[in-house]
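These protein sequence lines are chains H and D, in that order.
Following numbering that gives the first Met the number 0 from start to finish, the first sequence increments by one per residue and tops out at 567.
Following numbering that gives the first Met the number 0 from start to finish, the second sequence increments by one per residue and tops out at 371.
Where a beta carbon is used, it is the ideal one built from N, C-alpha and C, also for glycine.
Encoded as structure tokens, the structure appears first; notes follow it.
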Amino acid sequence: MTDVRAPESDPFDPAAERDDPPRPGPGSPGGGAFGLADWLKWAWRQLTSMRIALILLFLLAVGTVPGSILPQQGADPAAVQQYYVSHPGLAPWLNRLGLFNVFAAPWFAAIYLLLFASLIGCVVPRTFRLAGSTRSLPPRAPRNLSRLPRSAEYVTTLPPAAAAAVAAKVLSGHGFRLRRPAAGEDAGATGETGPGNGHWVSAEKGYLREAGNLLFHLALLGLLVSVALGGLFGYKADRLLVQGQTFADTTSALDEFHPGRFVTGADLARFTMTLNQFTASYISTGQQRGQPSAFDARVTYTEQPGGPARTGHLAVNRPLSVDGAKVYLIGHGYAPVFKVTDARGQVVYDQATPFVAGATGNFLSEGVVKVPDAQPDQLGFTGVFVPTAANVGGTLESVFPAADNPVVSLIGYAGNLGENAGPAQSVYELDTAGMKRLTASPQALAPGQSLKLPGDRGTITFTGYVPWVSLAITHDPGQLPALICGMAALGGLLLSFMVRRRRVFVRARASQPGAGENGTTVQVGGLARTDASGSFEAEFAALAAELKSAHEQAAPGEPAVSPQPEGE
Amino acid sequence: MPVNVALGHLSNAFMIATLIIYSLSVFAFAGDFAFGRPRRAAAVRGQQEARDREAALATVGAAPGIPGTSGSAAAGTAAPEASGGPGDPGVPAASGGGGAAGSMPEPAVPAFRAIRAAGRWVIAAVLLSSLGAAAHTTTVITRGLAVHRAPWGNMYEFVTALTCVAVLFFLYVLIRYQVWTLGVFVMGSIVVALGLAETLIYTAPGDLVPALQSYWLDIHVTAMTLATGIFFVAAVLGAVYLWTDRYTRRVAAGQATPGHGIIRRLPSIEQIDRLTYRTVVFGFPVWTFGVIAGGIWADQAWGRYWGWDPVETWAFITWVLYAAFLHARATAGWRGRRAHYVQLLGFTSLIFNVMVVQVFIAGLHSYSGVAG
């Protein structure tokens, strides 16, 4: 009756110090017919038990590991392709297990859905119990308060009834919920008949701890719902934009479009955007030479077709909000400008061609020029753009990422580009199967220089370069709910760790005969059900001291005389 | 703004001083083990724990009470310096049944008096640790002033800052709970961690790449640094717990003789368990906040708040494992040893994230400043 550590079935209460009660299971002795309903009941009990919740937590932790070790389809499809090439035997099996797309795999979903089912099965009953407990009163004071983890005892000259009243006032002043003995409750229940045995106060405080704990777990549920919301109603798109170019946010103008399940191209934000200028700055001295120090993209955009044109800045960590979508600067590179004249002397190509930086650093970028209109044969070039070229041991290398000494190096091909047959080609790859290589070695060009193609096939001129940026356009309706749920989870966590559920009892008894005429022995006992912060000891000491001084102030006349120590 | 080279050198000099002073403090803590005087306070603590234990084990109404504990606890703390018989920490001293009727909870012994009462080795160790912590803090601050930003932007700075947090936090625990004998383990681990950082991953002061120039960096990485420092202390305490637990079980099985010279002087296994738990409870919300702040930063930088980037994934794994520890402590069969294994597994995943994932696994967080 006085046990505040009383069993509460709360597998999600990390601080509850109790064991799971043994669960009756199938095959347990005494069970006759174990029907389907019993099985379901048993399974539900298992699922909502702390042990299973723990195992699911472990599975969740272990299950995410391959998602960080193996390349993932969502984050880096090219790396997955690479993995297929380097591990031809293993890759199909990993794919069958969903290990290239762990976070969308059915088995992964099974783990977290079971975990959340377990969580619901636990949190919902506890919410009702908490709601109920705010209506019920604290338990009655135990008989011997000195057996509680914290206790104090002193003597006052107040009569027991007045002492209990003073104690009740002090405790209620500290925000405790109180319980005083009801009429006729004094003797019978405690099994002790004695004078003044019925003068006691039970006080309890810290219901917010359980509330915080529940808030934390419910907020986790909310977080899952928010993520699902984003997955169903959000989208993510990519677009590469060369300086000076304009694009409209439609599916045909986007390089990549990953809509949520209930999203179509019609749901896209309807803005247009022009990249006016992009600048990248780099550290030019010291140990970190070549590291980027700042990016800045100036754009002009209209939020709606026909709307007013606005200017804005895009930088890393500084997205632009446009018509409900957010535009992020996520990458950049160089687009050398080429002019190609074919054998007839006609200009068949004159545009900036985005090259993509490779892994070698300092923005050594690779790209492809395809000239389908060239006569008599189609022309193609594979090229390397070197922003700051230097001859290192006979090979061309980039020694700095800024375009201080730009050079392109080209290999020309003539023949059939193969664009009309087979699957759509990447603009970054040249299919040389139907083409003839024109030059044996790569030809390096500085801006303004031209390369005359052998066999009078024309010329290619490297006229200059412009920067490009890659933009991510996202819309995630689950974003704000996720933030709110995250904050709620944190708040709940703090509440449940910082608030302690504690009970304080005060019992006032007339002292034993011989100890003094008017003496009343006041016993104070306290216990904290959970004391993660560990400061209940100090709180109790302060409370006991306050009770004692309140009794001294309320007592008439002379201070209390301590009776002689006696055995209990 | 250019790096202030002079301040950078000053920071490095303070780092060397920190390492030397910490090493001396470990020496002093070890000296306390070897030559320190047996403590009266420990016996008092033992009684207190016996009482807590009893309360935890039995339902209150039916508890077989230890007679007179409320009275003798007060008597014991009254004169910590009084010479008394050696009391084994963790072994509840036989208490006389002198339960006086007027017994009030004793106010906590002031920190200064408690340190003085613990003997000259502990005085020296606490002084040295505090001096070292001051030098350590100066190291971090001068580094920050040298580079004009929060000084936890690469792995070397991160380890320097997190160990500083760990020491400051541990000094608080050390004095608040008077667990002097744990000092040699925690400070020893700090010296090892700092020494490794200094020799293996030293990075000269420098600027940050644009992706790291955000005030969310300060918030996110500060929270992660604080949480890691706190978890560092928890991990050392957990290891001490497991060692003590193993010894206790070996004694129970008759494979070892009771009275191990070092374990005898440690706080009781229950107290180590409780301290570890409270440390994790302190660190867990900080870690949670750090993950949320990281999500906000990721949203600004990359257009999504969560993308299962390898570093995010491992932060999540760490979070799940620490959550599992908190739950395991309340589950029969998992409490104690297994729970602490889970806790250490959580710290392992954290360190794996910092040392391996950020350096060797390509991702958006590859900012360690260490050539991988």
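Would you check if the distance between the CB atom of residue i and the CB atom of residue j is smaller than 8 angstroms?
i, j, result
"residue 332 of chain H", "residue 467 of chain H", "yes"
"residue 397 of chain H", "residue 361 of chain H", "yes"
"residue 371 of chain H", "residue 464 of chain H", "no"
"residue 416 of chain D", "residue 271 of chain D", "Only positions 0 to 371 of chain D appear in this structure, which leaves residue 416 of chain D out of reach."
"residue 274 of chain D", "residue 243 of chain D", "no"
"residue 323 of chain D", "residue 222 of chain D", "no"
"residue 350 of chain H", "residue 322 of chain H", "no"
"residue 296 of chain D", "residue 356 of chain D", "no"
"residue 46 of chain H", "residue 120 of chain H", "yes"
"residue 65 of chain H", "residue 79 of chain H", "no"
"residue 204 of chain H", "residue 501 of chain H", "yes"
"residue 231 of chain D", "residue 161 of chain D", "yes"
Could you tell me the distance, in whole angstroms, from the CA atom of residue i to the CA atom of residue j?
i, j, result
"residue 263 of chain D", "residue 183 of chain D", "15 angstroms"
"residue 267 of chain H", "residue 248 of chain H", "7 angstroms"
"residue 254 of chain H", "residue 185 of chain D", "54 angstroms"
"residue 76 of chain D", "residue 7 of chain D", "Unreliable placement is indicated for residue 76 of chain D, whose pLDDT of 34 sits below 50; the coordinate value is still reported in the next sentence. Those two C-alpha atoms are separated by around 48 angstroms."
"residue 18 of chain D", "residue 164 of chain H", "60 angstroms"
"residue 547 of chain H", "residue 153 of chain H", "7 angstroms"
"residue 416 of chain H", "residue 432 of chain H", "8 angstroms"
"residue 458 of chain H", "residue 293 of chain H", "37 angstroms"
"residue 568 of chain H", "residue 435 of chain H", "Chain H is shown only over 0 to 567; residue 568 of chain H falls outside these bounds and no answer can be derived."
"residue 478 of chain H", "residue 225 of chain H", "7 angstroms"
"residue 497 of chain H", "residue 244 of chain H", "56 angstroms"
"residue 352 of chain D", "residue 123 of chain H", "35 angstroms"
"residue 91 of chain H", "residue 284 of chain D", "41 angstroms"
"residue 469 of chain H", "residue 177 of chain D", "58 angstroms"
"residue 403 of chain H", "residue 246 of chain H", "29 angstroms"
"residue 308 of chain H", "residue 476 of chain H", "26 angstroms"
"residue 54 of chain D", "residue 147 of chain H", "At residue 54 of chain D the pLDDT is 47, less than 50, meaning the model places this residue with poor confidence and gives no usable figure here."
"residue 281 of chain D", "residue 538 of chain H", "19 angstroms"
"residue 241 of chain D", "residue 340 of chain D", "8 angstroms"
"residue 352 of chain H", "residue 441 of chain H", "18 angstroms"
Looking at the unbroken alpha helix (DSSP H) that takes in residue i, where does it start and where does it end?
i, result
"residue 333 of chain D", "Run containing residue 333 of chain D: none; DSSP gives neither H nor E here."
"residue 140 of chain D", "119 to 146"
"residue 490 of chain H", "478 to 497"
"residue 308 of chain D", "Looking at the DSSP string, residue 308 of chain D is not in any alpha helix (DSSP H), and its letter there is neither H nor E."
"residue 154 of chain D", "154 to 176"
"residue 329 of chain H", "Unbroken run through residue 329 of chain H is the beta strand (DSSP E), 324 to 340; no alpha helix (DSSP H)."
"residue 372 of chain D", "Since the first residue of chain D shown is 0 and the last is 371, residue 372 of chain D is not available in this structure."
"residue 278 of chain D", "268 to 301"
Check for me: the beta strand (DSSP E) holding residue i runs from which residue to which?
i, result
"residue 411 of chain H", "406 to 414"
"residue 390 of chain H", "388 to 391"
"residue 380 of chain H", "377 to 385"
"residue 255 of chain H", "255 to 258"
"residue 458 of chain H", "457 to 474"
"residue 41 of chain H", "Per DSSP, residue 41 of chain H belongs to no beta strand (DSSP E); it is in the alpha helix (DSSP H), 35 to 46."
Since residue i contacts residue j with CB under 8 angstroms, what's their CB separation in whole angstroms?
i, j, result
"residue 158 of chain D", "residue 192 of chain D", "6 angstroms"
"residue 58 of chain H", "residue 117 of chain H", "Residue 58 of chain H to residue 117 of chain H, Cβ: 12 angstroms. No contact."
"residue 259 of chain H", "residue 233 of chain H", "5 angstroms"
"residue 526 of chain H", "residue 149 of chain H", "7 angstroms"
"residue 275 of chain H", "residue 495 of chain H", "Actually they are not in contact, since the Cβ atoms of residue 275 of chain H and residue 495 of chain H sit about 52 angstroms apart, beyond 8 angstroms."
"residue 379 of chain H", "residue 429 of chain H", "5 angstroms"
"residue 132 of chain D", "residue 170 of chain D", "6 angstroms"
"residue 333 of chain D", "residue 53 of chain H", "6 angstroms"
"residue 197 of chain D", "residue 14 of chain D", "6 angstroms"
Apart from the five residues on each side of it in sequence, which residues of its chain come closer than 6 angstroms, Cβ to Cβ, to residue i?
i, result
"residue 257 of chain H", "235"
"residue 140 of chain H", "199, 201, 504, 506"
In chain order, what residues of the same chain lie with their CB nearer than 7 angstroms to the CB of residue i, ignoring the 5 residues before and after it?
i, result
"residue 127 of chain D", "20, 23, 24, 27"
"residue 261 of chain D", "32"
"residue 288 of chain D", "222"
"residue 121 of chain D", "31, 35, 114, 179"
Can you name, in chain order, every residue of its own chain whose Cβ lies under 8 angstroms from the Cβ of residue i, other than the five neighbours on each side?
i, result
"residue 473 of chain H", "233, 234, 235, 236, 324, 325, 327"
"residue 510 of chain H", "154, 518, 519, 520, 562"
"residue 256 of chain D", "250"
Closer than 7 angstroms to a non-hydrogen atom of the ligand ADP - does that hold for the CB of residue i?
i, result
"residue 144 of chain D", "You won't find the ligand ADP in this model; it holds no ligand whatsoever."
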